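Counted from 1, the sequence shown has number 259 at position 259 by the numbering used here; the numbering is strictly sequential. From the three backbone atoms N, C-alpha and C, an ideal C-beta is built for every residue, glycine too. Since we're looking at a predicted model, the values are computed, not measured. One structure below.
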Amino acid sequence: MDWRIVIALLLLACGAPEAPPADSVGEFAGAYDEIIGPDGRAAPGFSDADYVQLLRPDDIPPIYAPEFVASWEASLPNDELVIGLSIDGDARAYPAGILYTREMVNDMVGDAPVLVSWCPRCYTALVHQRPVDETGTPLVFGNQGALYLGAMTWYDHGSGSVWSQPLGMAIAGPSSGRTLPLLPSQLTTWQEWRAAHPDTLALVVIEPAPPFRGRRPGAEHVVGVVVGETAAAWPYERAASGKVIQASLGDSAITLWLDDATGGIRATTTDVNGNRSELPTILAYRQAWLNFYPDSVIEIPN
């Protein structure tokens with residue numbers, strides 16, 4: 001049995017430190033037949049055969065009320081991998097060891113409601129912006145306990161729709177086809193992130209989290225970008241070599257490089273009008289990337 005599932009069961013038995021903002025997960029998470037069944041709504045291209053329900057929703061409990069400490073209070077090894085996020089000067093570090101067991105964090109960074117998630121099977125550490133309703137209340141997400149195309153899925157506490165983590169898209173339920181904006185973040189070491197952001201906060205949990213140290217991406221990983229309906233990826237080792245990658249994707253010019261300050265891979269896009277903006281990068285296992293973007297090309301630059 002996957003040891004993460006064992007930890008999840010222990011958390012359920014002992015009581016997770018953060019409770020969902022509701023009396024019952026069942027209020028939000030739709031039953032499989034209701035969401036995916038003959039009368040359920042599904043996004044275009046959704047295949048029932050690619051959906052596998054492994055656990056009950058929130059058996060791997062997300063973090064609904066995250067707690068943080070200042071960088072000098074964090075007891076993280078220098079080589080611990082973290083997801084680094086900075087919005088309007090508010091810098092946060094989410095240790096991969098915590099996310100490996102909890103997988104999801106509903107958080108507010110700056111004034112932005114975000115969902116930080118990690119799919120261990122795909123090695124995708126992603127940050128999406130959560131939508132808000134007409135009252136300004138952010139939508140809350142839970143762990144669906146299912147895989148779609150081999151990757152984790154979420155459910156939302158509003159409609160119970162099921163979402164694909166790598167796509168950031170609702171694949172079944174009332175919100176089918178809706179997507180969440182992907183935000184730039186960096187997977188790097190605690191030492192590098194803290195050096196670049198000395199005022200960063202670090203996520204902490206009460207229960208012990210196994211270390212996730214020194215396991216930097218390698219030959220089996222790619223770094224991808226998505227512009228509109230077009231996607232492309234490059235071998236991680238090439239992207240992290242220190243050489244700047246220049247490419248064209250649709251009508252946009254892409255620049256991909258290793259950020260020496262943080263050790264993460266960053267990208268920018270320049271459109272036909274010369275407007276330049278930061279582009280989120282997606283780090284993933286090569287096969288996981290191809291599962292979701294089968295028509296994309298894994299570029300081997302000269």
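- Per DSSP, reduced to three states, the secondary structure at L290 is helical.
- With respect to M152, C119 sits close: the two C-beta atoms are nearer than 7 Å.
- In the structure shown, D48 adopts helical secondary structure according to DSSP, grouped into three states.
- Counting the other CB atoms within 10 Å of its CB gives T281 a total of 16 or more, which places it among the buried residues.
- As a beta-bridge residue in DSSP terms, V226 pairs with A231.
- Shortest Cα-Cα distance from F68 to any of V114, P95, G89 involves P95.
- Judged by pairs of C-beta atoms under 8 Å, the segment 75-95 does not touch the segment 153-166, as fewer than three such pairs exist.
- The beta carbon of G250 is closer than 7 Å to those of V227, G228, T230 in its chain, skipping five residues each way along the sequence.
- R92 counts as buried, since no fewer than 16 other beta carbons sit within 10 angstroms of its beta carbon.
- Annotation for A146: the continuous beta strand (DSSP E) segment containing it runs 141-148.
- Counted as a single uninterrupted DSSP element, the stretch harbouring W154 is not any alpha helix (DSSP H) but the beta strand (DSSP E) occupying residues 151-156.
- Contact between the segment 192-200 and the segment 95-107 is not established, with fewer than three Cβ pairs separated by less than 8 Å.
- It is roughly 27 Å from the alpha-carbon of A42 to the alpha-carbon of Y64.
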